[in-house]
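In the working numbering, the protein residues as written are 5 to 657. The next block holds one structure in the form of structure tokens; read it before the comments.
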Amino acid sequence: MRGKMKSKKFVLFLTLCIGLALLVVGADARRRRRGRIKRAKVTKSQLIEDALKVYVPPGDFDKYYLFLSGGHSGQIYVYGVPSMRHIRTIPVFSRYSATGWGYEYYSRKMMGPRFTWGDIHHPSLSETNGDYDGRWLFVNDNAHNRLARINLDDFKVHQILGPVPNVMGDHASVYVTPNTEYAHMASRFSVPIPTEVDLKNHTYKRGTYAPIEEYKTKYKGVLTFIHIDPKTGYMDLEKSFQILMPPWDFDLADAGKGPSYGWSFFTCYNSEAEFIKGKPLEVVASQRDKDYIVAVNWKKAEQAVKEGKYTVIGGMKVIDPTKVKGLVYAMPTKKSPHGVDVTPDGRYIVGNGKLAPVTVVHSFEKMIEAIKTGKIVRHDMGIPVLDENVTKVAEVPVGLGPLHTVFDDKGYAYTSLFVESAVAKWGWKDGLKDQWKMVDKVPIQYNIGHIAAPHGDTVKPRGEWVFALNKLSKGTHLKVGPDQPESCQLIDISGPKMRIIYQAWPEPEPHYAMCIDAKLVEPHVFEVYTKETNPEKEYAVYDPKDARVVRKDDHTVEVFACEIRSSIWPNVVEVNEGDTVIFHLTNIETMRDEIHGFGICGYDICGVPTPGETQTYVFKADVPGVWPFYCVNFCSALHQEMQGYLLVKPKKK
Ligand code: RUQ
Ligand code: CUA
5 MRGKMKSKKF VLFLTLCIGL ALLVVGADAR RRRRGRIKRA KVTKSQLIED ALKVYVPPGD
65 FDKYYLFLSG GHSGQIYVYG VPSMRHIRTI PVFSRYSATG WGYEYYSRKM MGPRFTWGDI
125 HHPSLSETNG DYDGRWLFVN DNAHNRLARI NLDDFKVHQI LGPVPNVMGD HASVYVTPNT
185 EYAHMASRFS VPIPTEVDLK NHTYKRGTYA PIEEYKTKYK GVLTFIHIDP KTGYMDLEKS
245 FQILMPPWDF DLADAGKGPS YGWSFFTCYN SEAEFIKGKP LEVVASQRDK DYIVAVNWKK
305 AEQAVKEGKY TVIGGMKVID PTKVKGLVYA MPTKKSPHGV DVTPDGRYIV GNGKLAPVTV
365 VHSFEKMIEA IKTGKIVRHD MGIPVLDENV TKVAEVPVGL GPLHTVFDDK GYAYTSLFVE
425 SAVAKWGWKD GLKDQWKMVD KVPIQYNIGH IAAPHGDTVK PRGEWVFALN KLSKGTHLKV
485 GPDQPESCQL IDISGPKMRI IYQAWPEPEP HYAMCIDAKL VEPHVFEVYT KETNPEKEYA
545 VYDPKDARVV RKDDHTVEVF ACEIRSSIWP NVVEVNEGDT VIFHLTNIET MRDEIHGFGI
605 CGYDICGVPT PGETQTYVFK ADVPGVWPFY CVNFCSALHQ EMQGYLLVKP KKK
């Protein structure tokens with residue numbers, strides 16, 4: 005009897021188990037199925053046509069470069085378009101041993117001793133007359149309020165500026181002005197100022213304290229214009245200025261162009277100017293139906309600085325717009341707008357509603373008219389607010405959660421819809437029969453954030469493609485653990501209907517991207533560094549006979565070394581325990597791509613000098629013994645033989 009009961013129970017238990025297992029398997033299968041991209045039925049010939057559009061056979065070249073921001077990886081990823089193949093990682097704010105970035109002296113110095121990561125959101129290509137010129141790529145750091153410049157002749161960072169005083173959570177950045185006069189930086193997080201910095205060591209000296217209850221009065225928003233030298237790309241704090249603002253959370257920026265040249269536009273949320281302990285900001289900052297697009301006349305601000313109408317705060321020239329009139333105006337825009345994008349002709353300013361299902365379009369002409377005729381409805385914390393009934397020319401009902409807009413060559417705009425997971429296409433150009441009308445929509449997999457297009461934010465968009473930079477990928481790839489990579493989908497916009505035809509999975513976290521015609525970059529990319537372009541030429545040795553170890557004083561040894569297939573000269577370096585070793589290493593190959601590396605066992609040194617380049621490694625020989633060094637990058641049949649010894653003589657006891 006008991007036996008029977010037992011087996012009955014067992015059968016019941018077994019059934020339950022199997023049922024449960026089936027449920028789990030079913031749910032998993034459903035989850036995986038859910039990840040499948042739902043496509044409209046396509047014919048085989050259509051599929052082949054799509055595939056051929058992105059297929060770049062070995063030996064052929066892509067037409068465009070795509071520079072994807074790597075978010076908190078602190079890096080930039082370079083892709084070719086249309087193949088969507090990853091061709092390069094450019095480390096900026098993070099160490100990257102694949103190229104020795106952050107291990108060798110030069111990059112380490114630019115990063116400073118304190119920060120080993122950054123948060124890149126919005127890369128920005130340099131512009132001449134409102135179009136990309138292929139010279140530099142600027143990137144922002146949302147975390148530590150820095151900017152960096154990548155030179156597009158060697159695809160390396162040549163300047164890191166900052167932290168910049170007073171500005172905190174630099175998100176509305178970089179979005180250069182049409183002749184690369186300025187880079188924008190604005191505070192997403194208001195704090196009491198000054199925040200004082202140590203520029204030499206790329207770190208903070210001290211901030212200012214004020215209790216959170218004094219948010220409205222003591223915390224400040226700051227809009228920053230960082231001056232860029234038009235010849236060299238050098239960012240200069242001396243020639244930069246800031247504008248003091250209420251503690252609104254500035255989100256994104258865009259520079260005016262054409263008729264609106266000389267102005268910049270910033271969106272903000274939390275125009276409520278509140279931060280309440282224990283109360284979610286998402287509630288606090290969403291009380292108002294409208295926040296602002298803030299328009300700044302930077303030409304006029306530049307003039308004000310020349311006339312000395314500023315105060316120095318934290319070492320920065322800061323203009324107070326409540327004292328210097330005519331610089332800053334707010335345009336009411338619903339609701340907690342995210343991206344702001346100026347149309348290619350510079351006539352319209354598009355606000356992307358985020359919490360409203362529309363893009364709000366202001367006319368620049370109407371804005372000027374409102375200013376001239378004094379259509380100011382109120383002052384909000386000292387900032388004049390323009391009458392939106394005058395400035396606003398359209399609300400385009402695009403769909404749920406509009407975030408960002410880019411443009412094509414035919415008068416259409418493409419807006420990313422985060423909540424709806426879609427891209428909406430609508431007409432903006434004067435004379436277009438579809439002006440202010442949505443004409444097409446395509447679903448995205450999933451939750452699109454930014455959107456990008458070839459020259460899509462310039463005066464001359466090239467059309468052809470739109471890139472959907474998605475926050476989630478929902479299993480549209482093989483499993484790689486509990487988290488999933490974000491995705492980047494390629495949308496063909498050449499026909500009247502948009503078509504997603506390809507997707508890639510860039511490294512975390514693709515925020516924005518810049519897409520430039522390769523013809524504008526390729527001609528000035530170095531093949532090798534010459535004796536003139538070698539960035540550390542003064543430390544170079546170009547002949548193994550000149551390689552040497554020089555004792556500078558009792559505690560310092562300087563090594564002048566070189567590498568060529570398949571040796572490192574000198575191959576023995578003898579120092580004393582406790583010495584500081586300054587190791588200059590030149591790759592004296594004269595052929596493109598003939599790179600060598602350098603690593604020392606037991607010491608945290610890694611480098612990869614490219615042909616003609618000198619790199620420097622500085623370290624303390626603090627552990628006595630014998631430590632091999634070697635070439636870390638496979639370079640030739642005798643790569644393994646590229647090795648030598650660091651001998652660290654122990655101190656006499
Ligand atoms: S943001 S997803 Cu950091 Cu550019 Cu809009
Ligand atoms: Cu040089 Cu491997």
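For every residue, glycine included, the Cβ atom is placed at its ideal position computed from N, Cα and C.
Can you give me the start and stop residues for the beta strand (DSSP E) that Leu227 sits inside?
-> That run of the beta strand (DSSP E) goes 223-232.
Thinking C-alpha only, which one of His528, Val60, Pro196 is nearest Asp157?
-> For Asp157, the closest alpha carbon among the candidates His528, Val60, Pro196 is that of His528.
Test item: CB-CB of Val328 and Lys313 under 8 Å = Yes, these two residues count as a Cβ contact at 8 Å.
Neighbourhood of Ala551 by C-beta distance below 7 Å, restricted to the same chain and skipping five residues each side | Cβ within range, chain order: Val545, Phe564, Ala565, Cys566, Trp573, Pro574.
Exposed unless 16 or more other CB atoms sit within 10 angstroms - verdict on Ala334 = When all chains shown are included, Ala334 counts as buried.
Got a sec, what are the start and stop residues for the beta strand (DSSP E) Lys48 sits in?
-> No beta strand (DSSP E) contains Lys48, which is instead part of the alpha helix (DSSP H) from 48-58.
Could you spell out the range, first to last residue, of the beta strand (DSSP E) harbouring Ile609?
-> Segment: none, Ile609 is in no beta strand (DSSP E) and carries neither H nor E.
Over what stretch of residues does the alpha helix (DSSP H) that includes Asn393 continue unbroken?
-> Its alpha helix (DSSP H) spans residues 392-395.
Can you name, in chain order, every residue of its own chain whose Cβ lies under 6 Å from the Cβ of Ile2, other than the five neighbours on each side?
-> The chain is shown only over 5 to 657; residue 2 falls outside these bounds and no answer can be derived.
Which runs of the alpha helix (DSSP H) spanning at least 4 residues fall entirely within the region 67-140, listed in chain order?
-> Segments of the alpha helix (DSSP H) lying fully in the region 67-140: 109-115.
Looking only at its own chain, which residues have a Cβ that is under 6 Å from the Cβ of Lys556, when we skip the five neighbours before and after it?
-> Apart from the 5 residues on each side of it in sequence, Lys556 sits with its Cβ closer than 6 Å to the Cβ of Glu562 in its chain, given in chain order.
Residue span of the alpha helix (DSSP H) that contains Met371, given as start and end = Start and end: 368-376.
CB of Phe638 to nearest heavy atom of ligand 2: below 7 Å?
-> The nearest non-hydrogen atom of ligand 2 is less than 7 Å from the C-beta of Phe638.
Segments of 3+ residues assigned as beta strand (DSSP E) that fall wholly inside the region 425-463 | Complete beta strand (DSSP E) runs here, min 3: 426-431, 442-447, 452-456.
Cβ-heavy atom distance, Tyr516 to ligand 1, below 7 Å | For ligand 1, at least one heavy atom lies less than 7 Å from the Cβ of Tyr516.
Got a sec, what are the start and stop residues for the beta strand (DSSP E) Gln644 sits in?
-> Taken as a continuous stretch (DSSP letters only), Gln644 belongs to no beta strand (DSSP E), as it is neither H nor E.
Own chain, CB closer than 6 Å to Asp54, minus 5 neighbours either side, in chain order = Counting only Cβ-Cβ distances below 6 Å, and skipping sequence neighbours, we find Ile505.
Less than 7 Å between the CB of Gly611 and some heavy atom of ligand 2, yes or no?
-> No, since every heavy atom of ligand 2 falls outside the 7 Å radius drawn around the Cβ of Gly611.
Which residues in the same chain as Pro632 place their Cβ atom closer than 8 Å to its Cβ, once the five residues preceding and following it in sequence are excluded?
-> If we look at Pro632 and ignore the five residues flanking it on each side, its Cβ neighbours are Ile604, Cys605, Gln647, Gly648, Tyr649, Leu650.
Between Tyr219 and the rest of its own chain, which residues show a CB-CB distance below 7 Å, the 5 nearest in sequence each way excluded?
-> Within the same chain, Tyr219 has close Cβ partners Pro251, Glu278, Phe279.
To the nearest angstrom, report how far apart Ala187 and Tyr273 are at their CA atoms.
-> Inter-residue distance for Ala187 and Tyr273 is about 21 Å (C-alpha atoms, whole angstroms).
So, is Tyr59 buried or exposed, given that buried needs 16 or more other C-beta atoms within 10 angstroms?
-> The residue in question, Tyr59, is exposed, as its Cβ has fewer than 16 Cβ neighbours within 10 Å.
Which stretch, first to last residue, makes up the beta strand (DSSP E) that contains Gln493?
-> Taken as a continuous stretch (DSSP letters only), the beta strand (DSSP E) holding Gln493 covers 491-496.
How many Å lie between Trp302 and Ile247 at the Cα?
-> For Trp302 and Ile247, the distance between alpha carbons rounds to 10 Å.
Between Glu276 and Ala289, is the Cβ-Cβ spacing less than 8 Å?
-> Taking 8 Å as the Cβ cut-off, Glu276 and Ala289 qualify as a contacting pair.
Under the three-state reduction of DSSP, which class applies to Gln163: helix, strand or coil?
-> Note: Gln163 maps to strand in three-state DSSP.
State the DSSP-derived secondary structure class of Ala522, mapped to helix, strand or coil.
-> It is helical.
Would you mind stating whether Ser111 and Val180 have Cβ atoms separated by less than 8 Å?
-> No; because the gap between Cβ atoms is not below 8 Å, this pair is not in contact.
State the CB to CB distance for the pair Gly173 and Arg150, rounded to an integer number of angstroms; the pair is presumed to be in contact (CB under 8 Å).
-> Contact doesn't hold; Cβ gap of about 12 Å is too wide.
Residue environment, Val612, which counts as buried when at least 16 other CB atoms sit within 10 Å = Label assigned to Val612: buried.
Ile91 classed as buried or exposed, judged by whether at least 16 other C-beta atoms fall within 10 angstroms | Around the CB of Ile91, fewer than 16 other CB atoms lie within 10 Å, so the residue is classed as exposed.
If you run the structure through DSSP and keep just helix, strand and coil, what is Gly262?
-> Judged by DSSP in its simplified three-state form, Gly262 adopts helix.
Using CA coordinates, which residue listed in Lys445, His383, His125, Pro361 is at the minimum distance from Met249?
-> Closest by alpha carbon: His383.
How is the beta strand (DSSP E) around Gln291 delimited, first residue to last?
-> Counting along the chain, Gln291 falls outside any beta strand (DSSP E), and DSSP gives it neither H nor E.
Does the Cβ-Cβ distance between Thr395 and Asp345 come in under 8 Å?
-> No. Outside cutoff.
Closer than 8 Å by C-beta to Tyr543: which residues in its own chain qualify, once you throw out the five before and the five after it? Chain order, please.
-> Excluding sequence neighbours, Tyr543 sits near Phe564, His588, Thr590, Thr618, Thr620.
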